[in-house]
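Worksheet for the structure shown next.
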DNA sequence: TTGTGTGAACAACTTCACAGCT
DNA sequence: AGCTGTGAAGTTGTTCACACAA
């Protein structure tokens, strides 16, 4: 029996806001390091690359943590955002696929710092298994399920070739994982309740190419773009 | 004097649509390889992981390229999307920063295939300069401006440490580049007219952590989440 | 009959502008 | 006097549902 609070406030934070909280957090951490105690929405927005109205609206979804006429207390806001994002606990992450990308991720510093601990590096290639990377020994993907269960892995990063990604995905989901970060250039099929986030170099480049092409044309429309003759 | 067509159709394609076109393109290429000649919006949407209404609306922004009662011609649609995205020409890309991530990007296959040609690999570390990676010799970042100009680079990928990113960014913009793909965990300051796309592992993990935390709570709200005592 | 293309309804997100707290 | 927090307005994106072409 699941407890439910009927008249509960709609504490659902908009996705767009959640996606920006890490940005604010990073900017705030920089300020904290420099010893700033208090910051206005204007200044924080500038540092995070958004406008101040948006920032205030975003923060208002978390609660009323600012002081009118003054601004936000940097340390306190760091704490509140961290808590909201779930960074006050730490998360065991496994990286599957230890090619160049997997290595880059394993060695990425900002990783361990923010509540994410690499609890496993796995690869299917026997030549890679046994290598020591970022203080961990690479294990064989045969161990995937056991690594996930024994070390309480709740987030899996897929950095395998495209061909292996869906299979890895299926296995980690079967092992109970519901949060996946996918670097392989495929659309993963997952059941409801599983979150997949995707990072795709090729897509980003194509989006840039689209805009670059527009600029090159010297304006949004060129008459020549749609010659009547070209139809099927 | 810039020619403008006053009564021009509003051919501005929504950003959300542009961001999905590469997905459709990838799905279509897969179908083309398997010899599929024609596809319905339903099937293509399934392969791309969106719903069919959205797909039809997206494609309708490009033109009327389907056949009612039949579907879309795979080859023709590949051509039209490619053209819209600007993939029928090829783009010279330079990668700055040749650590693990830079190497991963350089070796990434789907790169060269889709109109993107790596025209330069640059790094500030003399130990790396001279290395041969993916058929290219790594050059020193001193050569950045000359590489961009001589090889017609129009897209720069920044894969440097965070501390170097803004400086590299400023230099490539001064050299005329207006499209940047940034992997460094910083918000780049750029003038109007410059497009920056950002790929940030740490942000993606934090977003996953947020949702993972929600799931763990067994529901959207827990009364205990907001004890009255905890204020500043 | 089938499946596209699209107006219209809906939902999410952003920006404005100002009341109200400090 | 200054800056947050937020209704209201505006914008963008999504989904529905069906007319219409093949």
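Residue numbers (full-length UniProt numbering), protein chains in the order written: chain A, 1 to 232; chain B, 1 to 232.
Every residue, glycine too, gets a C-beta built ideally from N, C-alpha and C.
Computed from a predicted model, the values in this text were never measured in an experiment.
Inset, instruction - Give me the Cα-Cα distance between residue 12 of chain B and residue 34 of chain B, rounded to the nearest whole angstrom. - result: 33 Å
Inset, instruction - Could you tell me whether the Cβ of residue 23 of chain B comes closer than 9 Å to any Cβ of chain A? - result: yes
Inset, instruction - For residue 51 of chain B, count neighbouring C-beta atoms within 10 Å of its own C-beta (all shown protein chains included) and say buried if the count is 16 or more, exposed if not. - result: exposed
Inset, instruction - Measure the Cβ-Cβ separation of residue 159 of chain B and residue 186 of chain B and say whether it is below 9 Å. - result: No.
Legend entry - Identity of the residue in B/80, B/92, B/82, B/118 nearest residue 98 of chain B by Cα: B/118
Legend entry - Short CB-CB distance (under 9 Å) between residue 195 of chain B and chain A: With 9 Å as the cut-off, residue 195 of chain B counts as an interface residue toward chain A.
Inset, instruction - Would you mind stating whether residue 72 of chain A and residue 39 of chain A have Cβ atoms separated by less than 9 Å? - result: yes
Legend entry - CB contact below 9 Å: residue 121 of chain B versus chain A: So, not an interface residue.
Legend entry - residue 51 of chain A - DSSP class collapsed to helix/strand/coil: coil
Inset, instruction - Under the assumption that residue 44 of chain B contacts residue 96 of chain B (Cβ atoms under 8 Å), give the Cβ distance between them as a whole number of angstroms. - result: About 37 Å separates the two Cβ atoms, so there is no contact after all.
Legend entry - Contact set for residue 124 of chain A: own chain, Cβ-Cβ below 6 Å, skip 5 residues either direction: Excluding positions up to five away in sequence, the list reads 141.
Inset, instruction - For residue 66 of chain B, count neighbouring C-beta atoms within 10 Å of its own C-beta (all shown protein chains included) and say buried if the count is 16 or more, exposed if not. - result: Buried: at least 16 other Cβ atoms inside 10 Å.
Legend entry - Counted within 10 angstroms of its Cβ, other Cβ atoms place residue 94 of chain A as buried (16 or more) or exposed: buried
Inset, instruction - Decide yes or no for the touch test of the segment 20–29 of chain A against the segment 75–93 of chain A: beta carbon pairs closer than 8 Å, at least 3 of them. - result: yes
Inset, instruction - Give the straight-line distance between the Cα atoms of residue 128 of chain A and residue 53 of chain A, rounded to the nearest whole angstrom. - result: 50 Å
Legend entry - Simplified DSSP assignment, three categories, for residue 92 of chain A: Strand at residue 92 of chain A.
Legend entry - Rounded straight-line distance, which links the Cα of residue 75 of chain A to that of residue 109 of chain B: 44 Å
Inset, instruction - Could you pull out every unbroken alpha helix (DSSP H) segment of at least 4 residues lying fully inside the segment 60–88 of chain A, listed in chain order? - result: 74–85
Inset, instruction - Within its chain, find whatever has a CB closer than 8 Å to the CB of residue 28 of chain A; leave out the 5 residues flanking it on each side and keep chain order. - result: 39, 44, 74, 77, 78, 81
Inset, instruction - In angstroms with no decimal places, state the Cα-to-Cα distance between residue 221 of chain B and residue 182 of chain B. - result: Annotation note: pLDDT 37 at residue 221 of chain B (below 50); position unreliable, coordinate value reported separately. Each residue's alpha carbon lies about 36 Å from the other.
Inset, instruction - Please classify residue 216 of chain A: does DSSP put it in a helix, a strand, or coil? - result: helix
Inset, instruction - Taking only the alpha-carbon atoms, compute the straight-line gap between residue 200 of chain B and residue 31 of chain B and give it to the nearest angstrom. - result: One Cα belongs to residue 200 of chain B, the other to residue 31 of chain B, and the distance between them is close to 31 Å.
Legend entry - Backbone secondary structure at residue 183 of chain A - three-state DSSP: Note: residue 183 of chain A maps to coil in three-state DSSP.
Inset, instruction - Report all residues from its chain with a CB closer than 7 Å to the CB of residue 103 of chain B; omit the five preceding and five following residues, and keep chain order. - result: 133
Legend entry - Spatially closest choice to residue 64 of chain B from B/194, B/41, B/192, by CA coordinates: B/41
Legend entry - Alpha carbon of residue 170 of chain A to alpha carbon of residue 190 of chain A, nearest angstrom: Across the structure, residue 170 of chain A and residue 190 of chain A are spaced so that their CA atoms are roughly 8 Å apart.
Inset, instruction - Kindly say whether residue 200 of chain A, judged by its beta-carbon, lies nearer than 9 Å to any beta-carbon of chain B. - result: yes
Inset, instruction - Starting from residue 120 of chain A, follow its DSSP beta bridges and name the residues at the other end. - result: A/94
Legend entry - Where residue 60 of chain A meets chain B, residues with beta-carbon distance less than 7 Å: Proximity of chain B to residue 60 of chain A at the Cβ level (cut-off 7 Å) is not reached, the minimal Cβ distance being about 15 Å.
Inset, instruction - Out of B/88, B/60, B/107, state which residue places its alpha-carbon closest to the alpha-carbon of residue 161 of chain A. - result: Minimum Cα-Cα distance from residue 161 of chain A among the listed residues B/88, B/60, B/107 corresponds to B/107.
Inset, instruction - Buried or exposed for residue 37 of chain A, please, with buried defined as at least 16 other CB atoms from any protein chain shown within 10 angstroms of its CB. - result: So residue 37 of chain A ends up on the exposed side.
Inset, instruction - Could you check the C-alpha separation between residue 59 of chain A and residue 204 of chain B for me, to the nearest Å? - result: 19 Å
Legend entry - Backbone CA spacing between residue 168 of chain B and residue 15 of chain B [nearest angstrom]: Put simply, the backbone Cα of residue 168 of chain B is about 27 Å away from that of residue 15 of chain B.
Inset, instruction - Would you mind telling me which residues of chain B sit closer than 8 Å to residue 178 of chain A, beta carbon to beta carbon, in chain order? - result: 212, 215
Inset, instruction - Please name the residue or residues paired with residue 140 of chain A in a DSSP beta bridge. - result: Answer is A/123.
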